[in-house]
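Just below is one structure, and these are the notes that go with it.
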Amino acid sequence: MNNLFEETMTENLINEKNVENAILILSKNDLILKKMFNLVGKVKLPNERLEFKNVCRIIVNQQLSGKAANTIFNRIKEKIPNLSPKCFLSISTEEMRQCGLSNAKSNYIKLLANKLNHNPLYFYQLQKLDTLSAKNEIWSNKGFGEWSSDIFLLFYLRKMDVFPIGDVTLNKVFSKIYGTDQKDEKYIYKYSHNWTPYKSVVSLAFWQFFDDGIEWPKK
Numbered sequence: 055m056n057n058l059f060e061e062t063m064t065e066n067l068i069n070e071k072n073v074e075n076a077i078l079i080l081s082k083n084d085l086i087l088k089k090m091f092n093l094v095g096k097v098k099l100p101n102e103r104l105e106f107k108n109v110c111r112i113i114v115n116q117q118l119s120g121k122a123a124n125t126i127f128n129r130i131k132e133k134i135p136n137l138s139p140k141c142f143l144s145i146s147t148e149e150m151r152q153c154g155l156s157n158a159k160s161n162y163i164k165l166l167a168n169k170l171n172h173n174p175l176y177f178y179q180l181q182k183l184d185t186l187s188a189k190n191e192i193w194s195n196k197g198f199g200e201w202s203s204d205i206f207l208l209f210y211l212r213k214m215d216v217f218p219i220g221d222v223t224l225n226k227v228f229s230k231i232y233g234t235d236q237k238d239e240k241y242i243y244k245y246s247h248n249w250t251p252y253k254s255v256v257s258l259a260f261w262q263f264f265d266d267g268i269e270w271p272k273k
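Throughout, this note's numbering is defined as the position within the sequence shown, counted from one, plus 54.
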């Protein structure tokens, strides 16, 4: 499929109007996506607040199952009810280890807390950057890899053109509806460029497709 998005808009943040517009364009150019959007219905938009405690959770969640990550994060919140940069810096690495947080992740969060202490507007400055510049800046923080940077871009900065590389759920849904090998990440990544500049809308719909347990109709 060729990239047919001559109707591209300048980069916008995820909101209801932009998502509706993206779905119309994506559906016109990709009949498989059209079928998928019809099955999913109204795409749910991110509602996570751009604040320290939520960004901490991205670091906590990496390389852990959802259940394990939730357990650790809940322990951290019990230890630090007001999970602010200043409060996190007042807690020792040993206390965080007792919550189940590794030394490395504890240090990564402390580095981020220090940055926010020195520049409280850091997160909001990221929103003003284009997607690539914002990703490079996020990635410059220890503790953020490619996947976690993409999650930050999509859910917290509300960028419109993000398809997180290596996301197992997204790969599963892609494989199911396009009939490909879910392990062929290079092909999936290459194909996702067809959806520029609306990749985030496809990502959100894929996650919703999976979470809602929707079955893909057999031919």
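We treat Cβ as the ideally placed atom computed from N, Cα and C, and that holds for glycine.
Does the Cβ of residue i have 16 or more other Cβ atoms within 10 Å, making it buried, or fewer, making it exposed?
| i | result |
| --- | --- |
| Lys189 | buried |
| Ala122 | exposed |
| Val97 | buried |
| Asn225 | buried |
| Ser254 | buried |
| Arg49 | Since the first residue shown for the chain is 55 and the last is 273, residue 49 is missing from the structure and cannot be characterised. |
| Val227 | buried |
| Tyr178 | exposed |
| Ser194 | exposed |
| Ala76 | buried |
So residue i is in the alpha helix (DSSP H); what residue range does that whole segment cover?
| i | result |
| --- | --- |
| Leu186 | Thr185 to Trp193 |
| Pro139 | Pro139 to Leu143 |
| Leu80 | Glu70 to Asn83 |
| Leu258 | Lys253 to Asp265 |
| Phe177 | Tyr176 to Gln181 |
| Asn128 | Gly120 to Lys133 |
| Thr223 | Val222 to Tyr232 |
| Tyr243 | Glu239 to Ser246 |
| Phe106 | Phe106 to Asn115 |
Just confirm the distance between the C-beta atoms of residue i and residue j, as a whole number of angstroms; I'd bet it's less than 8 angstroms.
| i | j | result |
| --- | --- | --- |
| Leu170 | Tyr176 | 6 angstroms |
| Leu209 | Pro100 | One point to set straight first is that residue 209 is Phe, not Leu, in the sequence displayed. 4 angstroms between Cβ atoms; contact. |
| Trp270 | Ile242 | That pair is no contact at about 16 angstroms. |
| Ile126 | Leu155 | 6 angstroms |
| Leu137 | Lys107 | 4 angstroms |
| Pro218 | Ser257 | 7 angstroms |
| Leu80 | Trp249 | 6 angstroms |
| Ile113 | Gly220 | That belief does not hold up - the Cβ atoms of Ile113 and Gly220 are roughly 17 angstroms apart, past 8 angstroms. |
Quick one: is residue i near chain D, going by C-beta distance under 8 angstroms?
| i | result |
| --- | --- |
| Tyr210 | Among the chains in the structure shown there is no chain D, since it carries only a single protein chain. |
When the Cα atoms are used, what is the spatial distance from residue i to residue j?
| i | j | result |
| --- | --- | --- |
| Asn83 | Leu93 | 17 angstroms |
| Lys140 | His247 | 40 angstroms |
| Lys164 | Gly233 | 43 angstroms |
| Asp238 | Ser146 | 42 angstroms |
| Arg103 | Val109 | 9 angstroms |
| Lys131 | Phe206 | 20 angstroms |
| Met63 | Leu85 | Residue placement at Met63 cannot be trusted, given a pLDDT of 40 that sits under 50; what the coordinates show is reported in the next sentence. Cα to Cα, the separation comes out at about 21 angstroms. |
| Leu78 | Pro251 | 13 angstroms |
| Ile192 | Thr185 | 10 angstroms |
Task: Inter-stretch contact at 8 angstroms, needing at least 3 Cβ pairs: the segment 214-222 / the segment 65-72 - done: yes
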